[in-house]
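Residue 0 is where the sequence shown starts when you use numbering that gives the first Met the number 0, and the numbers rise one by one after that. From the three backbone atoms N, C-alpha and C, an ideal C-beta is built for every residue, glycine too. I have placed the structure first, in the form of structure tokens, so that the comments after it can refer back to it.
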Amino acid sequence: MRRLSLAAVMVLLFSAGALAQSVAVSGGVYLGSQRIGLGGDPVKSSALGFYASADAKFSGAPVVVSGSFATVSPDEVSGSTGSYAAEHTVSTFDLLIAYRLHPHLAVGVGWISATLDVPATPGIPAWTETAQGFALGVSGEYPVAAGVQARGKLLYAPSAESTFSWGGITEKEPATMLGFVLSVSYSIADNFSVEGGYRFTQFTVKEIDDVFLSTGGLFVGVTYSF
Numbered sequence: 000m001r002r003l004s005l006a007a008v009m010v011l012l013f014s015a016g017a018l019a020q021s022v023a024v025s026g027g028v029y030l031g032s033q034r035i036g037l038g039g040d041p042v043k044s045s046a047l048g049f050y051a052s053a054d055a056k057f058s059g060a061p062v063v064v065s066g067s068f069a070t071v072s073p074d075e076v077s078g079s080t081g082s083y084a085a086e087h088t089v090s091t092f093d094l095l096i097a098y099r100l101h102p103h104l105a106v107g108v109g110w111i112s113a114t115l116d117v118p119a120t121p122g123i124p125a126w127t128e129t130a131q132g133f134a135l136g137v138s139g140e141y142p143v144a145a146g147v148q149a150r151g152k153l154l155y156a157p158s159a160e161s162t163f164s165w166g167g168i169t170e171k172e173p174a175t176m177l178g179f180v181l182s183v184s185y186s187i188a189d190n191f192s193v194e195g196g197y198r199f200t201q202f203t204v205k206e207i208d209d210v211f212l213s214t215g216g217l218f219v220g221v222t223y224s225f
């Protein structure tokens, strides 16, 4: 799932780049913190990972396309009974195709997903929990000062689907999802800028209140525009 999500961002970049007036590609490090509920007391984890994103604007068309991917791989979790080793990977992906209502504001539709992968351990097979679905979204940007740009993106999926896969068993449940990204960038050259911000994604299974995943944290990276 992680490779497919990253590949989707790259496909978005190269296909949009052929037609776009401008494309911005970003990447860097991401400090992701998770809160995971699987039917009992929730557990927490955190780790340093990475993110990548691409944004495209088109000449002659008020359309903005943006996509991003982030992943972390903690090796332990903590809960009410303490901390213990538990390798897992949390990956998120979003894609938004939006119509510009205003130079600084766009609304549209897209896709959002979040995946929790847990590798096999002695006597316990690997398992995966994935939530994904079509989303409504809004994005915006604003020049705060010379060389300084603030950006934001919000997606909401009211009818997502959560899929739990374990040992050949697959269970599907309706879910809701929410994701957002806030960032500020500072231009250091004609085509380069540094950026920092915060990203967050959450899914909740509708009929099971204590099954959920929330992941988010600060990120810092660089952006190349062309």
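Run of the beta strand (DSSP E) containing Gly109, from where it starts to where it stops:
Unbroken beta strand (DSSP E) run through Gly109: Leu104 to Val117.
Alpha carbon to alpha carbon, what distance is there between Ile168 and Gln20?
47 Å
Measure how close the beta-carbons of Pro41 and Gly78 come, nearest whole angstrom, since I'm counting them as under 8 Å.
7 Å
Under 6 Å Cβ to Cβ from Phe199, same chain only, skipping five residues before and after it: list those, please.
Phe179 and Gly215
Cβ pair count under 8 Å reaching 3, the segment 153-171 against the segment 184-196:
no
So what does Pro173 bridge to, in DSSP terms?
Glu160
Length of the line joining the Cα atoms of Ser112 and Val210
In a straight line, the C-alpha of Ser112 is about 16 Å away from that of Val210.
How is the beta strand (DSSP E) around Lys56 delimited, first residue to last?
Val42 to Phe57
Taking only the alpha-carbon atoms, compute the straight-line gap between Arg2 and Gly122 and give it to the nearest angstrom.
Confidence in Arg2 is poor, its pLDDT being 49 and thus under 50, which makes the residue's placement too unreliable to answer from.
Taking the alpha-carbon positions, what's the Tyr223 to Ala149 distance?
16 Å
Give the straight-line distance between the Cα atoms of Tyr29 and Thr114, rounded to the nearest whole angstrom.
Roughly 16 Å between the two C-alpha positions.
Closest to Gly139 by CA distance: which of Leu217, Ala156, Val62 and Trp110 is it?
For the residues Leu217, Ala156, Val62 and Trp110, the minimum Cα distance to Gly139 belongs to Val62.
Do Val76 and Ser45 have their CB atoms nearer than 7 Å?
No, the pair does not count as a contact, with Cβ atoms beyond the cut-off.
Where the beta strand (DSSP E) through Thr203 begins and ends
Phe191 to Val204
Answer yes or no: do Ala69 and Thr88 have a C-beta to C-beta separation smaller than 7 Å?
no
Among Val147, Leu95, Ala51 and Asp208, the one whose alpha carbon lies nearest that of Leu154
Nearest to Leu154 by C-alpha distance, out of Val147, Leu95, Ala51 and Asp208, is Leu95.
Apart from the five residues just before and just after Thr203, which ones in its own chain have a Cβ nearer than 7 Å to its Cβ?
Ala174, Thr175 and Phe211
Does the beta-carbon of Val143 have 16 or more other beta-carbons within 10 angstroms, so that it is buried, or is it exposed?
exposed
Around the Cβ of Thr129, are there at least 16 other Cβ atoms within 10 angstroms (buried) or fewer (exposed)?
buried
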